[in-house]
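Some notes on the structure that comes next.
Residue numbers (our numbering): 22 to 404.
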């Protein structure tokens, strides 16, 4: 019985691996271990660990690693703390394979601790290209990982070019789209009460047109976040439509984004914005299905939105060069450009669904591979 340890570090982390966790937990040849860390443990980011537990998963360990400040310095130190603490966790749990997700600093901490301890590392969503420090982290993890679970064909080809063995690469799709597909098929069952019972700001009537804003700091543009979020909020305000605004993640520059949001709410909000720390994924996906436009720099505007057909305005450099569908308009962090793109997307309306990042069955494929795959701790590279 193989022990598979999944490290969950954020709300995006969790939604991007939840279906695989279910499949691992239900697989007769696998035992699931769950470690919660980083912003997943903190109330100001929505205490995602509570959601993990309410979904029926047992938390085998909680690793506190996130230093206050959200600066490049604290992000580097948090990575170091995470490496130290996760090493102790893995020494106690003794997993056969550790699964790490994507490209964040807690993912790098997981990677270093795992591979230095001669534990097999499985990496999801490698091989993609974007902006920010995430780009470098993602490719670095690819070179550490023994088992690769890319989400699209473009990523598979890039991992091969990085010298990884083709037999170690499994194009399974993005596990997050498993949840999206299931939610889309059962929209009438989604409890939308959090829209009225959680967050702060004026209530939003989602039966009428509204906008979603999901914007995170760009770590390589540290210090610019406050003005960037203000440009977005003002552009949305100029449309006259109400908006649902989501809190940023815990990367360096998060406080700049949050400060801009607070200033806007106190001095410029005309009364039709509502702000949320976190939303259940089924609520978020139903909102995406119904929104007039998704604005921001979250990967959900690229991945989820292509699958759903949501009109998306992608801002700045954070998602640079990531494979995208026809539903995306890319613009700089300029208020007028953002406003023009939003109006264009509202006029266009919903797009046809595109399955660039999967077909809704990634989780089961991941579990099946983890149950049967072979690896050598000493990697062999082909060039």
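Where is the CB? At the ideal position from N, CA and C, for every residue including glycine.
Contact between residue 193 and residue 386 holds: their C-beta atoms lie close to 4 Å from each other, under 8 Å. Contact between the segment 274-282 and the segment 340-347 is absent: fewer than three C-beta pairs spanning the two stretches fall below 8 Å. Rounded to the nearest angstrom, the Cβ distance from residue 236 to residue 257 is 11 Å, too far for a contact under 8 Å.
Your pair residue 318 and residue 335 checks out as a contact, with CB atoms roughly 6 Å apart and the cut at 8 Å.
One thing to note: residue 171 has its Cβ no nearer than 8 Å to the Cβ of residue 158. In the structure shown, residue 369 falls within a helical segment according to DSSP collapsed to helix, strand and coil.
Ranked by Cα distance from residue 248, the options 197, 124, 274, 321 are led by 274. Collapsing the DSSP output to three states places residue 55 in a strand. By a beta-carbon distance limit of 8 Å, residue 121 contacts residue 142. Their separation comes to about 6 Å. Look at residue 316 here: in three-state DSSP terms it is strand.
In chain order, 330 place their CB closer than 7 Å to the CB of residue 373, counting only its own chain and leaving out the 5 sequence neighbours on each side. In summary, residue 32 is buried, with 16 or more beta-carbon neighbours lying within 10 Å of its beta-carbon over all protein chains present. Residue environment for residue 62: buried (at least 16 other C-beta atoms within 10 angstroms of its C-beta).
Under DSSP, residue 24 shares a beta bridge with 52.
For residue 381, same chain residues with a beta-carbon under 6 Å away, outside a window of 5 residues either side, are 198, 199, 202 in chain order.
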